[in-house]
Every structure is written in C-alpha cells, then in structure tokens.
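One structure is given below, encoded as structure tokens.
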Amino acid sequence: MSTVIRRTAPAILLTGAMAMLATGCVAGENAAAPADASGAEAPGEWSTDTVTVDWATYNPLSLVVKDQGLIEEALGDDVTVEWVQSAGSNKANELLRSGSADVASTAGSAALFARANGSPIKVIDIYSQPEWSAIVVGADSDITSVEQLEGASIAATKGTDPYFFLLQALEEAGLSVDDVEVQNLQHADGRAALEGGSVDAWAGLDPIMAAAEVESGAKLIYRNVDFNTYGFLNATEDFIDNHGDVAQVVVDAYEEARAWALEHPEETAALLAEAAGIAPEVAATVIQERSNLDVSGVPGEDQLAVLEKIAPVIVDSGDVAGGEQAVADALDSIVEDSFAKQATGQ
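Counted the way mature numbering (1 follows the signal peptide of the UniProt record, and there is no 0) counts, the sequence shown spans residues -27 to -1, 1 to 319.
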C-alpha cells in the first residue's frame, strides 16, 4: 500500500480560512459560518446544532474520523455530532433516505442505484478505491468458477457493490441472475449462510470476507478489481444546500483522516480490527492489500467512468422504476465536488 501523502496538514488547516474567501464554491445560503478576525469560525454561528454521520467497517476513514474526534474538534460545543453504524451500503442508503443520517458512506454503485430510485443524495468525497468484493465459496466446496454457479443458491445483499459484482460476474460467465437463486441477506448473514451450508456461494464484502478466508478457510473463486466501484461519501441534498458549512467540516475531516491513515497503516488496521471484531492480520490484509486510500477525494471523471460501466447492469436488474432514463439522470447529477475541491486546495 502506498504511503505517499498528497494532502499535507497545512493544506488541511487552511481550508477553514479558504471557506471564508470562497463561499461561492459551496452550495447553500449558509455555506460558511461567520469568522472572527483570526479567520476561525465564530462560536454559535453554525447553520445547524446537530449533524449525523455514519461509520462503517468497509470505510476505514470513517473509523479514523470518529476515533480522533475530528468533526467534533472542528465544530466545538455548538454542534452535536451523532454517529450511526452502517452495516452495508443498503443500510447507509436507508439512513440517508429516511433522514436518519446527513452523511453516509456507500459503494459508488449503491449511491447511483439509490439516486436513480429517487433518493436525493450526492457524493461529496471519495474515501477509497477498494477491492472489497469477490465471489466466495466454502472451504469444502468443489465449485471453482462462476460458470459452475448455474442453478446454485448465492447469498448477496441487494443494492450493494457485492450484488452488482455478482451480476457482472454472471454476465461475463454467460449467465444471468435468472440462472441462479439469489438469497437477499445482509453481508454478515451471507457469510453465516455460506458456512452453515444453506447457500452454495456468497458475494462477499470485506472485512467480513477476509475474516471468512482466515477463520473458516473460505475460498475466493472470482476476483476482479474493475467490477468494484469506488467508496462514496454521500450527503443529502438538504444537508448540502442548507448546511454547507458543516458539510465542509466533514469533508475536511475526511481529508485529514486520509493523510493520517496513509502515514499510519498499522494503526488504521488496528482501528478496523477493533471495530469489526476481527484479527489484526485480517484487518491488515484489508487495509494494505484491498483498500487503496491514496486516491483523490474529489469525485469526478474517474468515478463516473466506472459508474457508466455499471449503469447498464443496474438498468437490466429491473430494480429501478424509471429504467434507463432514471439511471442516466442520476449519473448526470450525482457529483457535488465543491467541498472536496476546497478541502484539497483545488
């Protein structure tokens, strides 16, 4: 894993002052809180007194931000930071859609899927470029290829990257979702079903998948990094439009966490091990081999290029009421890059 730091601490510290000078870059009338003569945010002048942010074991930067209290430190005593756990991208999307979270982390495919289905969310930062999904079989399974899954029962969490990974893998093997029986189970339940013998295969997600390899001897029969989409940090449009000052603080915290995580991969793995309840060596595999954190936090063309490849798969799934047009409209409107650009000095 690369430990090159693209964002220095001084650049991060300057973002507060930059926000005062470039409020036009941030959506909403309340984009920046008033500043005192030193350039610091004036107390009691934030646009909200509460912000709810998710943490997830599939999002290592969220663990750093939460553990170090980066958002709390920046906002001070005037804003209460509430943390909620996302067990998967589908759960993060439920939090956002219901208004139970202002900011939550998903895979890019899941964010596109949610927006195409009417959820008013946009991506405000990129937290990783992971290889977090694969097709997994049990230790004693005779299945060695996707082609052999015809007629098989497969656990997958619909609306998440592993599910869309499965659809792409089946298509490449000349199969479709109609050729298999998909058991719609949450990620941890998918592992349990595989190990209990109630399914033949599982579209897995790290770190649960990595733990299954080490602890149960599960086998990854198909991997393809190109079928994994980026890690998206999403916010509701209401939060973006009306609380841009606090949204900027969240993104700034993520960029500070990225710089720290790249310098401290072992400590980052330790945070993951504790949060996920997995062995340190499993967490180290996830962080150092399957999670590229050294990517630009600014959402843009790289992510859209990946989503354009997955879009037909989402359309063909039949799970988007508006079909192709709804997915195309979501692609055109899902990116909000102003916060990440400001946080990275662009």
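Glycine is no exception: its CB is placed at the ideal position from the N, C-alpha and C atoms.
Spatial neighbours of Gly132 within its chain, please: CB distance less than 7 Å, with the 5 preceding and 5 following residues excluded, ordered by chain position. Taking the first residue of the sequence shown as position 1, residue 132 is located at position 159. Excluding positions up to five away in sequence, the list reads Ser62, Asn63, Asn66, Ala83 and Phe86.
Quick check on Ser62: does DSSP put it in helix, strand or coil? Here residue 62 refers to the residue found at position 89 when the sequence shown is read from its first residue. Helix, per DSSP.
**Asked** With burial defined as no fewer than 16 other Cβ atoms inside 10 Å of the residue's Cβ, what is the status of Ser306: buried or exposed?
**Response** The residue given as residue 306 occupies position 333 in the sequence shown. With fewer than 16 other Cβ atoms within 10 Å, it is exposed.
### Message
Whole angstroms are fine: how far does the CA of Thr21 sit from the CA of Ala6?
### Response
The sequence position of residue 6 within the sequence shown is 33, counting from 1. The sequence position of residue 21 within the sequence shown is 48, counting from 1. Per-residue confidence for Ala6 stands at a pLDDT of 42, beneath the threshold of 50, marking its modelled position as unreliable; the derived number appears in the next sentence. Their Cα atoms are separated by approximately 10 Å.
For Gln319, tell me which candidate among Val300, Ser290, Gly270 and Lys282 has the shortest Cα-Cα distance. For this step, residue 319 is matched to residue 346 along the sequence shown. Checked all of Val300, Ser290, Gly270 and Lys282; the closest Cα to Gln319 is Gly270.
Range of the contiguous beta strand (DSSP E) that encloses Val76
Numbered from 1 along the sequence shown, position 103 holds the residue referred to as residue 76. Boundaries of the beta strand (DSSP E) harbouring Val76: Val76 to Ala80, taken from the DSSP string.
- request: State the DSSP-derived secondary structure class of Ala4, mapped to helix, strand or coil.
  value: Looking up residue 4 in the sequence shown gives position 31. Here the model assigns Ala4 a pLDDT of 41, short of 50, so the residue's position is not dependable and the matter cannot be decided.
Discussion item. For a quick check, are the C-beta atoms of Val110 and Ile213 less than 8 Å apart?
Written reply: Residue mapping note: residue 110 aligns to position 137 of the sequence shown, counting from 1. Residue mapping note: residue 213 aligns to position 240 of the sequence shown, counting from 1. Not a contact, by the Cβ cut-off of 8 Å.
| task | Report the residue from Gly190, Val268, Lys192 and His216 whose alpha carbon sits nearest the alpha carbon of Glu228. | result | As a first step, residue 228 must be located in the sequence shown, where it is residue number 255. Taking the Cα of Glu228 as reference, the smallest distance to any Cα among Gly190, Val268, Lys192 and His216 is reached at Val268.
Quiz item: Per DSSP, what kind of secondary structure is Gln141 in: helix, strand or coil?
Solution: Numbered from 1 along the sequence shown, position 168 holds the residue referred to as residue 141. Note: Gln141 maps to helix in three-state DSSP.
Exercise for the section: Could you check how far apart the C-beta atoms of Ala174 and Ala125 are, in whole angstroms? I think they sit under 8 Å. Expected result: Locating residue 174 in the sequence shown gives position 201, counting from the first residue. Locating residue 125 in the sequence shown gives position 152, counting from the first residue. Their Cβ separation, rounded to whole angstroms, is 6 Å, which keeps Ala174 and Ala125 in contact under 8 Å.
Inset, instruction - Could you name the residues of the same chain whose beta carbon sits closer than 7 Å to that of Lys95, not counting the 5 residues immediately before and after it, in chain order? - result: For the purposes of this step, residue 95 is identified with residue 122 of the sequence shown, where counting begins at 1. Counting only Cβ-Cβ distances below 7 Å, and skipping sequence neighbours, we find Asn207, Ala208, Glu210, Ile213, Ile307, Val308 and Glu309.
Complete runs of the beta strand (DSSP E) confined to the stretch 167 to 216 [at least 3 residues]: Within the stretch 167 to 216, the complete beta strand (DSSP E) runs of at least 3 residues are 174 to 178, 192 to 195 and 204 to 209.
Item checked: Alpha-carbon to alpha-carbon, Leu69 and Ser101 -> Locating residue 101 in the sequence shown gives position 128, where the first residue counts as 1. Locating residue 69 in the sequence shown gives position 96, where the first residue counts as 1. Those two C-alpha atoms are separated by around 20 Å.
For Phe137 and Val222, what's the separation of their Cα atoms in angstroms? Counted from its first residue, the sequence shown places residue 137 at position 164. Counted from its first residue, the sequence shown places residue 222 at position 249. Their backbone Cα atoms lie some 32 Å apart in a straight line.
Practice task
Can you have a look at Asn157 and say buried or exposed, based on whether 16 or more other CB atoms are within 10 angstroms of its CB?
Solution key: Against the sequence shown, residue 157 aligns to sequence position 184. Burial call: exposed.
*Is the CB-CB distance between Ala316 and Asp225 below 8 Å?*
In the sequence shown, residue 316 corresponds to position 343, counting from 1. In the sequence shown, residue 225 corresponds to position 252, counting from 1. Remark: C-beta atoms of Ala316 and Asp225 approach each other more closely than 8 Å.
* Leaving out five residues before and five after Asp40 in sequence, what residues of the same chain have Cβ atoms less than 6 Å from its Cβ? -> In the sequence shown, counting from the first residue as 1, residue 40 sits at position 67. In chain order, Leu244 place their CB closer than 6 Å to the CB of Asp40, counting only its own chain and leaving out the 5 sequence neighbours on each side.
**Message:** Could you check whether the Cβ of Leu167 sits closer than 7 Å to any heavy atom belonging to the ligand NAP?
**Reply:** You won't find the ligand NAP in this model; it holds no ligand whatsoever.
For this session: Reducing DSSP to helix, strand and coil, say where Asp27 ends up.
Result: Along the sequence shown, one-based indexing puts residue 27 at 54. Three-state result, Asp27: strand.
### Message
Tell me the residue span of the beta strand (DSSP E) that contains Glu123.
### Response
On the sequence shown, residue 123 is found 150 positions in, with the first residue counted as 1. Per DSSP, Glu123 is not a residue of any beta strand (DSSP E), being assigned neither H nor E.
Residue burial classification, Thr53 (beta-carbon count within 10 angstroms, cutoff 16): Here the question's residue 53 lines up with position 80 in the sequence shown. Result: exposed.
When the Cβ atoms of the stretch 255 to 262 are set against those of the stretch 183 to 193, are three or more pairs found closer than 8 Å?
Touching, per the Cβ criterion.
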